[in-house]
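Notes for the one structure printed next.
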Amino acid sequence: MKLTPSEYRLWRNKCITLLGMSGVGKTRLAHLLRRAHWFHFSGDYRIGSRYLDEPILDNIKRQVMHIEFLRELLRSDSISIVNNLSVDNLQPVSSFLGKLGNPEKGGLSLKEFKRRQRLHHDAEVAAMRDVPEFIRKAHEIYGYDHVVNDAGGSVCELEDPGVMELLAEHSLIIYIKATERDEQQLMQRAEESPKPLFYREDFLDQELTIYLRENHLDYVAQIDPDAFVRWMFPRLFRDRLPRYERLAEQYGYTITTDELARVHNEAQFNQLIELALERRPD
Numbered sequence: 221m222k223l224t225p226s227e228y229r230l231w232r233n234k235c236i237t238l239l240g241m242s243g244v245g246k247t248r249l250a251h252l253l254r255r256a257h258w259f260h261f262s263g264d265y266r267i268g269s270r271y272l273d274e275p276i277l278d279n280i281k282r283q284v285m286h287i288e289f290l291r292e293l294l295r296s297d298s299i300s301i302v303n304n305l306s307v308d309n310l311q312p313v314s315s316f317l318g319k320l321g322n323p324e325k326g327g328l329s330l331k332e333f334k335r336r337q338r339l340h341h342d343a344e345v346a347a348m349r350d351v352p353e354f355i356r357k358a359h360e361i362y363g364y365d366h367v368v369n370d371a372g373g374s375v376c377e378l379e380d381p382g383v384m385e386l387l388a389e390h391s392l393i394i395y396i397k398a399t400e401r402d403e404q405q406l407m408q409r410a411e412e413s414p415k416p417l418f419y420r421e422d423f424l425d426q427e428l429t430i431y432l433r434e435n436h437l438d439y440v441a442q443i444d445p446d447a448f449v450r451w452m453f454p455r456l457f458r459d460r461l462p463r464y465e466r467l468a469e470q471y472g473y474t475i476t477t478d479e480l481a482r483v484h485n486e487a488q489f490n491q492l493i494e495l496a497l498e499r500r501p502d
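Mapped onto the working numbering, the consecutive letters of the sequence shown carry residue numbers 221 to 502.
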């Protein structure tokens, strides 16, 4: 979808898809717009609540079954386990994705890690394909005028070109590009608090081989899970940057994290989008 600033201003039912690495401000912006009565479609929430709900619960139950007292209660249906996922609490999705490495440190085997990665990939594709239907629901059922699609940080990794074409048909694609200063902050945050990440399988295989060689390790179970994530994050970041930029060039527009930091209300957001449209006339 390509628009002029005036077309955007007059667009009665605005729909924006936000792209960018986790941590660049997509969700903060989506929350701001939600307070201004935009419908907030969270890709990660849809993944966890619809497409990974059962695998997430199975994973939790698998852990519970290691505890004798709880195992018997679970087997006799004396207790139940629910997934308390919310738009503001996506920890169950992250925990399910997990980290690769030493099982004694909470790591997953390569086979299990890749299985979960594939499940997450397929769930993200399905969640993004749900966006047009949720745009309809937002207008017809819930009475919202505008919609913001808060897409996950790994959308640029999806091996399904039809997804971006669908999103571009139904929404204005906005890529949030991190400035050099914010890139460093993202790196520091990943260093201090390494979180589970999604990797394309070919990228994972390539980098894993290098990591094992550089650290003189013979097999995956010797890997410290957090250390591996810390090592991988800068490489993943650099690998994703050109992917995001190609998507923005082909399907949408770019704003920076510095520009976004100055947005504190809906009017300022709309002004920033008009600026992005104006500096890239199509």
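Ideal placement from N, C-alpha and C gives every residue a C-beta, glycine not left out.
Annotation for Phe354: Phe261 place their beta carbon closer than 6 Å to its own, counting only its chain and skipping 5 residues before and after. Ile280 places its beta carbon less than 8 Å from that of Ile301.
With at least 16 other beta carbons inside 10 angstroms of its own, Met241 counts as buried. Ranked by Cα distance from Gly321, the options Met452, Tyr471 and Asn490 are led by Met452. Runs of beta strand (DSSP E) with 3 or more residues, each lying fully within the stretch 297–360, are absent. When C-alpha distances from Tyr439 are compared across Lys331, Met407 and Ile493, the shortest belongs to Lys331.
When DSSP states are grouped into helix, strand and coil, Trp258 belongs to the strand group.
Residue range His366 to Asp370 is occupied by the beta strand (DSSP E) that includes Asn369, with no alpha helix (DSSP H) assigned at that position.
If you look at Thr237, you'll find it in the beta strand (DSSP E) that goes Cys235 to Leu239. In this model, Pro312 and Ala447 are separated by some 22 Å (Cα to Cα). In this structure, Ser374 lies away from Glu421, with their beta-carbon atoms at least 8 Å apart. In this structure, the alpha-carbon of Glu227 lies about 10 Å from that of Leu497. A residue is called buried when at least 16 other Cβ atoms come within 10 angstroms of its Cβ; Asp370 meets this threshold and is buried. Within the DSSP bridge table, the entry for Gly472 names Ile393 as partners.
Excluding its 5 nearest sequence neighbours in each direction, Leu223 has C-beta neighbours in its own chain below 8 Å: Trp231, Leu392 and Leu497, listed in chain order. Listed in chain order, the non-local C-beta contacts of Leu294 below 8 Å within the same chain comprise Lys281, Val284, Met285 and Ile301, local neighbours out to five positions each way being set aside.
DSSP places Pro416 outside both helix and strand once states are collapsed to three, so it counts as coil.
For Gln442, there is no enclosing alpha helix (DSSP H), as DSSP marks it with neither H nor E. Here DSSP, grouped into helix, strand and coil, assigns Asp380 to coil.
Residue range Gly263 to Arg266 is occupied by the alpha helix (DSSP H) that includes Arg266. Per DSSP, reduced to three states, the secondary structure at Trp231 is coil, with no helix or strand assignment.
Assignment of Leu252 by DSSP, reduced to helix, strand and coil, places it in the helix class. Straight-line measurement puts the Cα of Glu292 at about 44 Å from the Cα of Pro352. Contact annotation: Tyr395 and Leu467 have beta-carbon atoms nearer than 8 Å. For Val483, no alpha helix (DSSP H) encloses it, and the DSSP letter there is neither H nor E.
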